[in-house]
Each structure stands twice: as structure tokens, then as C-alpha cells.
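Novice:
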Amino acid sequence: MIQKVIRGRESLRRVPELMEKLGMKHPLIVGSERLIPGLLRQEGLRNAPAFTGYHPNPDLADAEAGVRLFQEKGCDSLISLGGGSAMDTAKAVKSWLCAGSLEQVRMNRLEVRPIPHIAIPATAGSGAEATFNAVVYEQGRKLSLSHESLLPEGVILDASLLETLPEYHQKSCALDALSQGIESYWAKAATEDSRVNAYLAILGVLDNLKAYLAGDPHAAEEVLDAAYQSGKAIRQTRTTAAHAMSYQITKLLGLAHGHACLVTLPVLWDGMCAAEETRPVMRELASRMRLGDPMMGSRLLRGLLIDLGMEAPAMPPEETLRELADSVNPERLGNHPLALDRKEIERIYRLAFRPVAEPERQACLDIWRYYHA
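Take the sequence shown: its letter number 312 is residue 369 in this note's numbering, and every next letter is one higher.
#1: Apply the 10 Å Cβ neighbour rule to P171 and answer buried if 16 or more other Cβ atoms are within range, or exposed otherwise.
#2: Checking 8 Å against the spacing of the C-beta atoms, do G261 and A283 come in under that value?
#3: Does the Cβ-Cβ distance between L17 and V324 come in under 8 Å?
#4: Could you name the residues that DSSP lists as bridge partners for D133?
#5: Using the Cβ count rule (16 or more neighbours within 10 Å means buried), how would you classify S158?
#6: Quick one: is K148 near chain B, going by C-beta distance under 8 Å?
#7: Beta-carbon within less than 7 Å of L257's beta-carbon, same chain only, minus the 5 sequence neighbours each way: which residues are those?
#8: Should I259 go down as buried or exposed, given a rule of 16 or more other Cβ atoms within 10 Å for buried?
#9: Thinking C-alpha only, which one of Q237, I63 and A313 is nearest E224?
#10: Using 8 Å as the Cβ pair cut-off and three pairs as the minimum, do the stretch 322-336 and the stretch 231-243 touch?
#11: Verify whether the separation of the beta carbon atoms of T109 and G140 is less than 8 Å.
#12: Measure the Cβ-Cβ separation of A301 and L390 and say whether it is below 8 Å.
#13: Does DSSP put Y194 in a helix, in a strand, or in coil?
#14: Looking at C-beta atoms only, is the number of pairs between the stretch 220-240 and the stretch 188-199 that lie closer than 8 Å three or more?
#15: Would you call the stretch 90-103 in contact with the stretch 144-152, where contact means no fewer than 3 C-beta pairs closer than 8 Å?
#16: Within the same chain, show all residues whose beta-carbon is closer than 8 Å to that of D250, passing over the 5 residues directly before and after it, in chain order.
#17: By how many angstroms is the C-alpha of P274 removed from the C-alpha of E160?
#18: For R418, write down the residues that DSSP places opposite it in a beta bridge.
#19: So, is D383 buried or exposed, given that buried needs 16 or more other C-beta atoms within 10 angstroms?
#20: Quick check: what's the CA-CA separation for E341 versus G288?
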């Protein structure tokens, strides 16, 4: 399915136009209380029901409550407005509506039903607006939903929605898009098409991040589009080890998701450069990123983290390191180009949390700053 995408600042005003194209009459809005008032001011949406009762890590109970409201209000469609949590909740609601039962939801057995969904990201990072996947939790257990019918039919990319994001979340979300681009590029499932999207995501973040954080409106549009491209890339390839290793870093150490992904990414980059079978793709990726030597890539990423004030936290206790290594889902590693056993995973964590000595730290920072000179 080809998504209908509207880009541009203040394009939130064009939601009614997109609704008309998709045949939407009475949508349920899924979003945060902070953002929804701006959407309700648009023509045809002033009386639209809104569902805000979802968690940052949405669970099936959230989706069930959303389904009840959808049915009680006689809705025919969905609009999600916010970050990945809002979009994943809307996808979970649609999944339930298309499946008809909880058991069918768990098995990803959905019937294709005409329930259009417009996704409006208010963060530039997850790319969830471009994927047919969603993550929800059931009694603390992660449940991955994946079905082609969950791909939002419409997307609004309005960079003005990013302006109220806290700075840390601006940084972390952009790092998520960067990590998705890099991981998608080297993923086992990568194709020529997915690498185009991955390339656009990588350079879109690297070339515009500083200006975006400084408040440049055009740079914000470029980073938002980079996040969308990263979603299109992982829609085809899925993510690899950096994402698989990030979730417990977030849970145990409190780092936001994108930040957690970048903690291990430089170490994984070095491992990919060292392995004979992955050197060709790393040379190609380094060339696309305008790096003369593939080994410069990990230093560039470390320099980026240093410059953003987002270096890895101090080395965790041994018990936490073991818990991190034990937590990685082997299925999530199946798309990584190199086989990683538990011993190697623990080694990667140790290297990721290792303090960077001052000469190396300065060299990494110089590479990142030269990249933008």
C-alpha cells in the first residue's frame, strides 16, 4: 500500500483534506492531552472523541479501552497524534478491531477491514508512522504486533509539532532514527530500496541535527523526514543488535530509547568492520556517510554522543551487566549480520560502558566537529 503523505509546517491544518481522501467521517483520536486541543480545532474534528488513557509502554488493556470507546462512539477510523506510544496504541486498537478477539490479536491473525488510520508524529525518531508493526505489553510481557493492514493509510509530517519537545527527547528521538538507518543499512534483510531509505535517514539526521537542536525550522523538517525514512527502511528490514540490546538499558538504567541504542552502536560498528564477511557493506556504508575509512564511523558516533552530552553512563555493577546480557532476545538478533552469543553480548556491553580515555575522547569529538565544518 502506498501511504498518502502531507508534509510541511502547519500541515496539521490539512487533516480534514486527508480525511476526505481516505473516506473518514468520525475518527477516534489517540494522543496526548497536551497535543489534542490543536487537532480538535480543525474543521470536522471539534466533536471527535479522544482517547488519552494509554501508557508510555502501551499494553493490551490500553488497547481494549480504546476499542470500547471506538465502538461506543460509533467511530469509523483512527487518528494518532504523538510519539511511538500513541501510534502503537492506535495500531493495537485497529488490530483488535480487525481480529475480533484477543487470541487472534496475539497470533497476528487480522482480517482486512476499512478502518483508515492517519498517523501524525509529534517526535522525530521512531518512524512508527511508516511501519505496520507495534509493540504492546500484556502483563509485563512484550507482544509484537505485525500485519500489513496496520500500516497507517495517511501521514502528516508537521515539524512545528516538534517545537515543544524537551531537548533531551529531541536528541534521543533523532538518535533512534539514526540508529534505525544504520542498522537497516547493514541488516541481513537489506535490499537496494531499503538502503535508499536508510541512507536518507542517516544523512538526514547527521547533516541537520545541530541546526535542528538550535531551532532551525528547515532542519526540523529534514530530521522529521529522516525519521520517516528510517521507518520505511525498518519496515522492510527490521532492526538489529543495537535495538535488541537497548530495551533493558532503558529499563534498568533509565536512558531514553534512542540514547540507549547509540550506547552499543559504536562497539557494534567496530565489530562489523573487524569481521571479514561484513567489511564490504561497512566500506559501502562509510562511503555513503562521506567517511574515508570505515573505522572512522564508530569515532564519529562517539563524538556525536560526547558533543550532545549523552556519553554512556558509568559501568554498571556486575549483576546489572549479567542481567543485560541475559535479557537480549535471540530472535531480535536473527537479522544482525554477525552471530552474537551471550558471551559476546556481555563483552559488547562492557565495551559500551567503558570510559573513553581523554586522547581518544578528544579525537572522537574532533571527527564529529570536522564532519560539520
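By construction, the Cβ of each residue, glycine as well, lies at the ideal position given by its N, Cα and C atoms.
Specialist: Let's see:
#1: exposed
#2: yes
#3: Any answer about residue 17 is impossible in this case: the structure gives the chain only from 58 up to 430.
#4: According to DSSP, which records beta bridges pairwise, D133 is partnered with nothing at all.
#5: exposed
#6: No chain B is present in this structure, which holds just one protein chain.
#7: A283 and Q286
#8: buried
#9: That would be A313, whose Cα lies nearest to the Cα of E224.
#10: yes
#11: no
#12: yes
#13: strand
#14: Because the criterion of three Cβ pairs below 8 Å is not met, the stretch 220-240 and the stretch 188-199 do not touch.
#15: no
#16: Q293
#17: 45 Å
#18: In the DSSP output, where bridge partners are listed per residue, R418 has none listed.
#19: exposed
#20: About 21 Å.
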